[in-house]
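Per the working numbering, residue 1 is the first one in the sequence shown, and the count goes up by one each step.
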Amino acid sequence: MSTDSQTPDRPAPRRKLFIKTYGCQMNVYDSKRMADVLAPQGFDTTDTPDNADLVILNTCHIREKAAEKVFSDLGRLRPFKEKAKSKGGDVMIAVAGCVAQAEGAEISARAPFVDIVLGPQTYHRLPELVARANRVQQKSNGRKTAVIDTEFPAEPKFDYLPAPRADGPAAFLSVQEGCDKFCTFCVVPYTRGAEFSRPVADVLREARGLVAGGAREITLLGQNVNAYHGETGDHSTWTLGRLIRALAEIEGLARIRYTTSHPRDMDDDLIAAHGDVPQLMPFLHLPVQSGSDKILAEMNRNHTRDDYRRIVDRLREGRADLALSSDFIVGFPGETDADFRATMDLVRDIGFVQSYSFKYSKRPGTPAAAMKGQVPDDVSTARLGELQAELDRQLRSFNAACVGKTMDVLLTNPGRHAGQMGGRSPYLQAVHVDAPASLLGHIVPVRITTLESYSLGADLLDAKAA
Ligand code: 5AD
Ligand code: SF4
């Protein structure tokens, strides 16, 4: 493989890039941006590592299982490298994302064949890292160390990335990164760093570009997206509510969502926006983690169960049909049966759709890892089973209640057979509609007719209305 950097007067040779993404939406967004930054270097993305010149694993460190998966996948990549070398070539392997940030040195020790280790804040430097790794390779006759860049640089990477292209009617836009909340179980404040908000003008410019490229729906992303406090040109700051109101003015942008948020940052203006801004979709992912005040305090969540309840009530006052989703952790240190019952009560009381629930995973360096009262695995497993059964029941009953209703669906992709399109409802449900491919990117009125296991089937009501 030749990974020499491009000269201005010669077009870069075409090379293949395979990116595997683990974890959250933010990583999905970051992977796209890594592909964008490498495209001018001659890299075209491919969906298999088989013939790739560069493989990037964009990793997640949030739970132990996610982190260990990276090492087992690296083990599987090794033969690709050996095979390429036996043919006189090479495949460059890069580990990016949060495992790279947290365990850079360990990656080099456990997988010495890895060429590049880069954290989530340095991927704008990828072209330079690839060129450096290539020089190391050429000099070292096979024995080498990885090029590691896990800095938290002063320059925000967004200033160095090419403008993203919309690749479909539903786009993501990262507006905020990092977290200063320090929940006691969580590695994010350590791997993603301190909270940072992109300036308002950058966000608006990127949103307009996405809409011009065909996006009808934009999901604003951030580890703590509702902590957004972006600077304006006159050095005042805007909160997320204000930003959403400004985005709603963009002609052609029909739908706005945001994720992931923290109950502490649901301020009055953001809550009001759910009632006032029709483009803001009636679906909100608002992690609560536990329904027990004692556990919430031990988690350093800085809110009680009643605070959460009140936020939900106020949101529903403005938007009665708001569907809620959440994250839950069971088996946090010190969680008793009574604490778990409190979580189950909260779940039944609020009613969620599409939630995520996890067994507590001990993460090195976090305060909870050293707490007394670690819960035995079989207890956590039983609690998780019970919680997931209830969440699944709620999801199914929510979907079942939609049958017979009419709603608007954004058609985002071809369906499972000719004449069918896939799309998403305002509540983020997957919907299959019998509709021509020419309606891709349109928002069409449909009647929900059937309930499939985790999606809905629908009939198009009036194609002309699209
Ligand atoms: N163990 C289990 N789940 C965790 N999460 C974060 N850290 C841990 C951990 N140590 C979950 C939280 C968070 C979601 C992204 O991942 O529920 O909201
Ligand atoms: Fe982690 Fe808590 Fe920050 Fe969410 S708010 S990223 S759970 S520390």
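Note that the Cβ used here is the ideal one computed from N, Cα and C, for glycine as well.
Check                                                                                                              : Outcome
Cβ-Cβ distance between residue 152 and residue 177 below 8 Å                                                       : no
Assigned exposure category for residue 134 - 16 Cβ within 10 Å defines buried                                      : buried
Where residue 84 sits in the DSSP three-state scheme                                                               : helix
The stretch 388 to 402 contacting the stretch 363 to 372, beta-carbon criterion three pairs below 8 Å              : no
Which residues DSSP lists as bridging residue 323, in chain order                                                  : 283
Beta carbon of residue 163 nearer than 8 Å to that of residue 206                                                  : yes
Cα-Cα separation between residue 23 and residue 327, rounded to whole angstroms                                    : 14 Å
3 or more residues per run - each beta strand (DSSP E) lying fully within the stretch 48 to 107                    : 54 to 59, 92 to 96
Cβ contact (3+ pairs, closer than 8 Å) linking the stretch 221 to 241 and the stretch 14 to 31                     : yes
Those runs of the alpha helix (DSSP H) which lie wholly inside the stretch 241 to 293 and span at least 4 residues : 268 to 276
Residue 354 CB to nearest heavy atom of the ligand 5AD below 7 Å                                                   : no
beta-carbon residue 271 near the ligand 5AD non-hydrogen atom, thresh 7 Å                                          : no
Residue of 188, 184, 213, 157 minimising C-alpha distance to residue 166                                           : 213
Reduced DSSP secondary structure (H/G/I, E/B, other) of residue 418                                                : coil
Residue 373 (DSSP reduced to helix, strand or coil)                                                                : coil
Stretch pair the stretch 52 to 61 + the stretch 92 to 101: three plus CB contacts closer than 8 Å                  : yes
Cβ-based burial, residue 119 [other Cβ within 10 Å; buried from 16]                                                : buried
Cα-Cα separation between residue 72 and residue 296, rounded to whole angstroms                                    : 34 Å
Classification of residue 423 by the beta-carbon crowding that lies within 10 angstroms, buried from 16 upward     : buried
Sheet register partners of residue 413 (DSSP bridge)                                                               : 422
Rounded Cβ spacing between residue 453 and residue 429 (contact assumed at less than 8 Å)                          : Going by Cβ atoms, the distance from residue 453 to residue 429 rounds to 12 Å, so no, they are not a contact pair.
Inter-residue Cα distance where the pair is residue 449 and residue 376                                            : 45 Å
Cβ pair residue 322, residue 284 closer than 8 Å                                                                   : yes
Under 8 Å between C-beta atoms of residue 90 and residue 83                                                        : no
Rounded straight-line distance, which links the Cα of residue 291 to that of residue 305                           : 6 Å
CA-to-CA distance, residue 289 to residue 343, given in whole angstroms                                            : 8 Å
Residue 382 to residue 351 span [Cα, whole Å]                                                                      : 21 Å
Residue 451 and residue 421 closer than 8 Å at C-beta                                                              : no
Proximity winner among 254, 233, 261, relative to residue 208 (alpha-carbon distances)                             : 254
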